[in-house]
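K.L.:
As you go down the protein sequences, you meet chains A and B in turn.
Position in the first sequence (from 1) plus 40 gives the number in our numbering.
Position in the second sequence (from 1) plus 40 gives the number in our numbering.
Beta carbons: idealized from backbone N, C-alpha and C, even for Gly.
As the structure is a prediction and not an experimental result, all values here were calculated from the model.
Take a look at the following structure, please.
2 protein chains.
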Amino acid sequence: MGPMPARRSRCPVSMSLDLLGDRWSLLIVRDLMVRGYRTFREFQRSGEGIATNILAERLHRLEAGGIVVREPTGDGRSTHYRLTQKGIALAPVLLELLLWGAHHEDSDAPCAIIEQMEQNRAAVLAETYRRWKDRDPTPLLPPFRSPTAPAAAPAAASNRRKSK
Amino acid sequence: MGPMPARRSRCPVSMSLDLLGDRWSLLIVRDLMVRGYRTFREFQRSGEGIATNILAERLHRLEAGGIVVREPTGDGRSTHYRLTQKGIALAPVLLELLLWGAHHEDSDAPCAIIEQMEQNRAAVLAETYRRWKDRDPTPLLPPFRSPTAPAAAPAAASNRRKSK
DNA sequence: CAATTCACTTGCATTTTGCAACCTAAAATC
DNA sequence: GATTTTAGGTTGCAAAATGCAAGTGAATTG
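Pasting the structure below:
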């Protein structure tokens, strides 16, 4: 069932890529981490267009790799996925990947937000980690659509007061 | 010739993964960055066992993506590959991926070195960047073989004096 | 000028991916 | 309480990517 091919080397980067080196795995982790996604459906509708068989297989792989856990909900039909400690520890990797992409590829990310995240790495990571611990599902980042972002003021570190 | 499939979304992480989301690309970038690799042969003998056709195709893709450049050497038969500014800017991504792998996967990396890199991220990155600018090919990291590493004392930030 | 080195290409079998359709079980709705 | 909807997947199949071994052609060494 698992198509994971083979382990080539025991260096850390190589081992990380054995588990995460494909077009989808880190995207799923990011959706769990910074958007509030929990369910199969949400990943599917993520806008990236992952096929359902690949999504199912990746979720199994990430689970087998200790990056996500499956949590049954009270509601009998829906399952929630959640990052483990090992999974949330990928936050710095994803943050750097996001910043690199925003600077060097022509993305839709608003410059102001990127600038702020870059200036406040530690605070962004702390907030990410807090949301994970608190199971706070509000998106840390909006899906980067309109440049005049209407949604909740995101990310930035300095304006932290109690929610609600 | 280029099998690059399709662009799914314009978010920065997704775009980064369109270019780098496979098992080999980031490994090649790492070999250029922290080991002193320059030539096709060196990548081939890297110990990871990449097939030559895949290596050739990935080098073309990375070149097309502006991450590496091909520099002909005086010697007519050998080509050197070198990271561009955009390529060396992946250093933070690779550092975080290395640290994550070292902590969460069971790798061969010596704990002491990992600890030191983690404590001195900025210095490790500065040294990486300096080596790139100076075209200094001495490996920043040894290939992590024996735990009693015999090779040159690597990485650490504090012991920086003029080379030679 | 023969052998070797280097940087690839080519052919071909195997694996992985993408796509659409289908399935099962549990809510919701009527 | 039968039907429809929702959630979370499987299954089948064609297309693409990958791994492997072998081959190519130019430059260089002996």
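So B/Arg-70 and A/Val-53 are supposed to be a Cβ contact under 8 angstroms. How far apart are they, rounded?
P.N.:
That belief holds up - the Cβ atoms of B/Arg-70 and A/Val-53 are roughly 5 angstroms apart, short of 8 angstroms.
K.L.:
What do you get for A/Val-108, buried or exposed, if any count of 16 or more other CB atoms within 10 angstroms of its CB means buried?
P.N.:
Buried, since its Cβ has 16 or more Cβ neighbours within 10 Å.
K.L.:
If you drop the 5 nearest sequence neighbours on each side, which residues of the same chain put their C-beta closer than 7 angstroms to that of B/Ile-154?
P.N.:
Answer for B/Ile-154: Leu-139, Ala-142, listed in chain order.
K.L.:
Counting pairs of beta carbons, one from the region 127 to 139 of chain A and one from the region 89 to 109 of chain A, are three or more of them closer than 8 angstroms?
P.N.:
At 8 angstroms Cβ cutoff, the stretches touch.
K.L.:
So, for A/Thr-113: in the same chain, excluding its five sequence neighbours on each side, which residues have a beta-carbon less than 6 angstroms away from its beta-carbon?
P.N.:
His-120, listed in sequence order.
K.L.:
Under the rule that 16 or more other beta-carbon atoms within 10 Å means buried, what is A/Ala-152, buried or exposed?
P.N.:
Exposed, because fewer than 16 other Cβ atoms sit within 10 Å of the Cβ of A/Ala-152.
K.L.:
Within the same chain, show all residues whose beta-carbon is closer than 6 angstroms to that of B/Met-55, passing over the 5 residues directly before and after it, in chain order.
P.N.:
Closer than 6 angstroms at the Cβ level, and outside the excluded window around B/Met-55, lies no residue.
K.L.:
Can the beta-carbon of A/Arg-78 be found closer than 8 angstroms to that of A/Pro-150?
P.N.:
For A/Arg-78 and A/Pro-150, no; Cβs fall outside 8 angstroms.
K.L.:
Which residues in chain B have a C-beta closer than 9 angstroms to the C-beta of A/Asp-62? List them in chain order.
P.N.:
Per Cβ cutoff of 9 angstroms: Leu-57, Gly-61, Asp-62, Arg-63.
K.L.:
Can you find the residues in the same chain that come closer than 8 angstroms, C-beta to C-beta, to A/Leu-57, ignoring five residues on each side of it along the sequence?
P.N.:
Result list for A/Leu-57: empty, nothing under 8 angstroms.
K.L.:
Out of A/Gly-76, A/Leu-72, A/Glu-88, which has the shortest C-alpha to C-alpha gap to A/Thr-99?
P.N.:
The residue asked about is misnamed: residue 99 of chain A is Leu in this sequence, not Thr. Checking every option, the nearest Cα to that of A/Leu-99 belongs to A/Leu-72.
K.L.:
In this structure, what does DSSP give as the bridge partners for B/Arg-122?
P.N.:
The partner list for B/Arg-122 (beta bridge, DSSP) reads B/Val-109.
K.L.:
Just the chain B side, please: which residues come within less than 7 angstroms of A/Pro-132 by C-beta, in chain order?
P.N.:
Simply Glu-136.
K.L.:
In three-state terms, what does DSSP make of A/Cys-51?
P.N.:
Correct three-state label for A/Cys-51: coil.
K.L.:
Strictly under 8 angstroms for the Cβ-Cβ distance: is B/Gly-141 near chain A by that measure?
P.N.:
Chain A contact via Cβ: present.
K.L.:
Could you tell me if A/Arg-101 is buried or exposed, where buried requires 16 or more neighbouring beta carbons within 10 angstroms of its beta carbon?
P.N.:
By the neighbour-count rule (16 or more Cβ atoms within 10 Å), A/Arg-101 is buried.
K.L.:
Report the three-state DSSP secondary structure of B/Val-74 (helix, strand or coil).
P.N.:
B/Val-74: coil per DSSP, three-state reduction.
K.L.:
I need the DSSP call for A/Asp-62, collapsed to helix, strand or coil.
P.N.:
Here A/Asp-62 sits in coil by DSSP.
K.L.:
List, in chain order, every chain A residue whose beta-carbon is nearer than 8 angstroms to that of B/Ala-149.
P.N.:
Ordered by position in chain A, the residues that pass the 8 angstroms Cβ test against B/Ala-149 are Cys-51, Pro-52.
K.L.:
Determine, using beta carbons only, whether B/Leu-165 and B/Pro-132 come nearer to each other than 8 angstroms.
P.N.:
Contact: yes.
K.L.:
Given this structure, state the Cα-to-Cα distance separating A/Asn-199 from A/Ala-162, to the nearest angstrom.
P.N.:
At A/Asn-199, the pLDDT of 40 sits below 50, so the modelled position is not reliable; the number obtained from the coordinates is stated separately. For A/Asn-199 and A/Ala-162, the distance between alpha carbons rounds to 14 angstroms.
K.L.:
Go ahead and pull the three-state DSSP assignment for A/Ser-56.
P.N.:
In this structure, A/Ser-56 counts as helix in the three-state DSSP scheme.
K.L.:
Would you report the Cα separation of A/Arg-50 and A/Gly-61, rounded to the nearest angstrom?
P.N.:
So the two alpha carbons sit approximately 15 angstroms from each other.
K.L.:
Of all Cβ atoms in chain B, is any one closer than 8 angstroms to the Cβ of A/Glu-145?
P.N.:
At least one chain B Cβ lies under 8 angstroms of A/Glu-145.
K.L.:
If we define contact as Cβ-Cβ less than 8 angstroms, is B/Ala-163 a contact residue for chain A?
P.N.:
It does not; no Cβ of chain A falls within 8 angstroms.
K.L.:
What residues of chain B sit near A/Leu-67, judged by a beta carbon separation below 7 angstroms?
P.N.:
Simply Val-53, Ser-54, Leu-57.
K.L.:
With a threshold of 8 angstroms between beta-carbons, can A/Gly-89 be considered close to chain B, or not?
P.N.:
Yes, A/Gly-89 counts as interfacial toward chain B.
K.L.:
Any heavy atom of the ligand ZN within a distance shorter than 7 angstroms of the CB on B/Gly-116?
P.N.:
You won't find the ligand ZN in this model; it holds no ligand whatsoever.
K.L.:
Note down, in chain order, all residues in the region 99 to 130 of chain B with a beta-carbon under 7 angstroms from any beta-carbon belonging to chain A.
P.N.:
Residues Lys-126, Ala-129, Leu-130.
K.L.:
Is the beta carbon of B/Arg-81 sitting closer than 8 angstroms to the one on A/Gly-89?
P.N.:
No, they are not a contact pair.
K.L.:
Among the residues of its own chain, which have a CB less than 8 angstroms from the CB of B/Leu-67, if the five just before and after it don't count?
P.N.:
Closer than 8 angstroms at the Cβ level, and outside the excluded window around B/Leu-67, lie Ser-86, Glu-88, Ile-90.
K.L.:
Rounded to whole angstroms, what's the CA-CA distance from B/Met-157 to A/Ile-94? Just pull it up for me.
P.N.:
Distance between the alpha carbons of B/Met-157 and A/Ile-94 is about 36 angstroms.
K.L.:
By Cβ distance below 6 angstroms, which residues in the same chain neighbour B/Leu-59 in space, the five residues on each side in sequence not counted?
P.N.:
The answer, listed in chain order, is Gly-105.
K.L.:
Please report the distance separating the alpha-carbon of A/Ala-96 from that of A/Gln-84.
P.N.:
Going by the C-alpha atoms only, they are around 10 angstroms apart.
K.L.:
Please classify A/Thr-92: is it buried, with 16 or more other beta-carbons within 10 angstroms of its beta-carbon, or exposed?
P.N.:
It is exposed - the Cβ of A/Thr-92 has fewer than 16 other Cβ atoms within 10 Å.
K.L.:
Given a threshold of 16 other Cβ atoms within 10 Å of its Cβ, counted over all protein chains shown, does B/Arg-201 qualify as buried or as exposed?
P.N.:
Only weak support exists for where B/Arg-201 lies, its pLDDT of 35 falling under 50; the coordinates are left without a value.
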